[in-house]
Every structure is written in structure tokens, then in C-alpha cells.
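Encoded as C-alpha cells, the structure appears first; notes follow it.
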Amino acid sequence: MYSVKASLIIALAIGALISTVLLVLEPLTDFAFLSLEWPGITAAYFFWGAVGGSTFLGIAISWGVNALTYGLGAFVILSAFKALREA
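Here the sequence shown stands for residues 0 to 86, numbered as in numbering that gives the first Met the number 0.
Next comes the structure, spelled out in C-alpha cells:
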């Protein structure tokens, strides 16, 4: 199957894709999926509270944190599949 490095890259790509889809769906669904974005929104809120900043930077932080959060979940799932295939 994949090496750990390849699994990590694939997982981060999956996380970035999920984060992008959630960000695009926000205005289209009237913020119905906002609860799925709480890790990134919380990080952006702390950033704004600490240093202040532009809205664009807050959205970028939110997207990045969500991408890492969902990427970690995808990495765990990919690792579990790899372990099951090798067993």
C-alpha cells in the first residue's frame, strides 16, 4: 500500500478538499454546516482577539486549521485501512 509519507500527503489533500467544500457551502446553505467548522472558526477568533487582523487572514486561518483537523481524521482512517490490509 502507501508509505506513511504518501498517506500523510493524501490525508492532507483530503482535509484541504473537505475544508474548501465547507467554506464554499457556507453561504449557499445559509450556514447550515457551520458546526463542522468550529475548530477553524475558534482558531480564527483567538487570532483576531490576540492581534486583530484582516478578515481574509482569519478565513485563511480557519481554512488551514480545518484542513489539518480533517486531514488528521483522514490520516487515521487511511492508517487503519493500511493496518487491516496488512493483517
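Beta carbons are placed, not taken as given, at the ideal position from N, Cα and C, and that holds for glycine.
Just so it is clear, the structure is predicted and the values come from calculations on it, not from any experiment.
DSSP-derived helix/strand/coil call for residue 30: coil
My understanding is that residue 73 touches residue 10, with C-beta atoms under 8 Å, so please give their C-beta distance in whole angstroms. 4 Å
Any contact of the stretch 76-86 with the stretch 47-58, i.e. 3+ C-beta pairs under 8 Å? no
DSSP state of residue 63, grouped into three classes? helix
For the alpha helix (DSSP H) containing residue 39, list its first residue and its last residue. 37-50
Under 8 Å: do the stretch 34-45 and the stretch 0-9 share three or more Cβ pairs, one atom per stretch? no
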